[in-house]
Amino acid sequence: MSVAGSGIACVASLFVVLIAMAPPARAGEIPAALTGAWELDVSKSDELPEDSIVFDSAPASVLARDRWKVLGAETLRIDGESDAIGIQYDGSHYDDVMLGELETGGWTVQASVARRDRLVVRSRRAGVTGVERYSVTESGNLLKIRISIKGLAELVAVTRTFRRVAE
């Protein structure tokens with residue numbers, strides 16, 4: 007092998023080692039615009055569906071509002087880091103969401119950032135799938151959360167709109 011050929015092989019080997027040492031690619035970062043205090047804007051939100059069972063299997067049934075707290079929430083407090091977000095509903099119940107996939111309470115929850123400014127959270131369990139899409143308007147004052155839940159034979163699809171509250 008020529009000197010030039012061995013030099014190229016050495017550079018290629020070094021490149022492979024550097025790639026192997028690099029941290030795994032991330033699915034984006036939690037949009038900072040989501041963080042803060044939010045209050046429901048009823049006039050800009052869809053009417054809520056009746057409480058209905060979206061998962062019915064022994065030993066438990068799950069109501070849409072029990073699993074997806076944002077359906078009934080009037081206030082939200084969102085705290086975020088680059089790869090995690092905490093959502094507090096009506097000053098009490100608190101959910102942590104991490105980017106990536108996690109098994110929790112029998113649910114598979116997958117969170118990702120779409121188009122760098124939207125948080126998407128998918129929850130799956132035995133024939134039930136729910137998707138929450140969080141996005142903030144350009145003004146930064148409105149948070150729209152689109153929720154679609156498919157379970158049993160029904161589909162629930164609503165948009166909840168929250169107005170930013172000064173802190």
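Just so we're aligned, residue 7 is where the sequence shown starts under this note's numbering, counting upward by one. Where a beta carbon is used, it is the ideal one built from N, C-alpha and C, also for glycine.
Range of the contiguous beta strand (DSSP E) that encloses residue 93:
90-95
Straight-line gap, residue 21 to residue 161 (C-alpha atoms, nearest Å):
Confidence at residue 21 is low in this model, with a pLDDT of 34, below 50, so its placement is unreliable and the value that follows should be read with caution. Cα to Cα, the separation comes out at about 49 Å.
Residue 49 by DSSP, collapsed to three states: which one?
helix
Which term fits residue 125, buried or exposed, when burial requires 16 or more other beta carbons within 10 angstroms of its beta carbon?
buried
Which word fits residue 134, buried or exposed, when buried means at least 16 other C-beta atoms lie within 10 angstroms of its C-beta?
buried
Please name the residue in 156, 37 and 46 whose C-alpha comes closest to that of residue 95.
46
Using CA coordinates, which residue listed in 165, 171 and 39 is at the minimum distance from residue 55?
165
Out of curiosity, what's the CA-to-CA distance linking residue 36 and residue 72?
25 Å
Tell me the DSSP bridge mates of residue 120?
124
Quick one: Cα of residue 101 to Cα of residue 121, how far?
23 Å
Under 8 Å between C-beta atoms of residue 119 and residue 108:
no
Where do the ends of the beta strand (DSSP E) carrying residue 106 lie?
106-110
In whole angstroms, what is the alpha-carbon distance linking residue 152 and residue 80?
15 Å
Assign residue 27 to one of two classes, buried (16 or more other C-beta atoms within 10 Å of its C-beta) or exposed (fewer than that).
With a pLDDT of only 38 at residue 27, under 50, the local geometry of the prediction cannot be trusted, and no value is derived from it.
DSSP three-state label for residue 163, please.
strand
By DSSP's criteria, residue 113 is part of a beta bridge. Which residues make up the other side?
110
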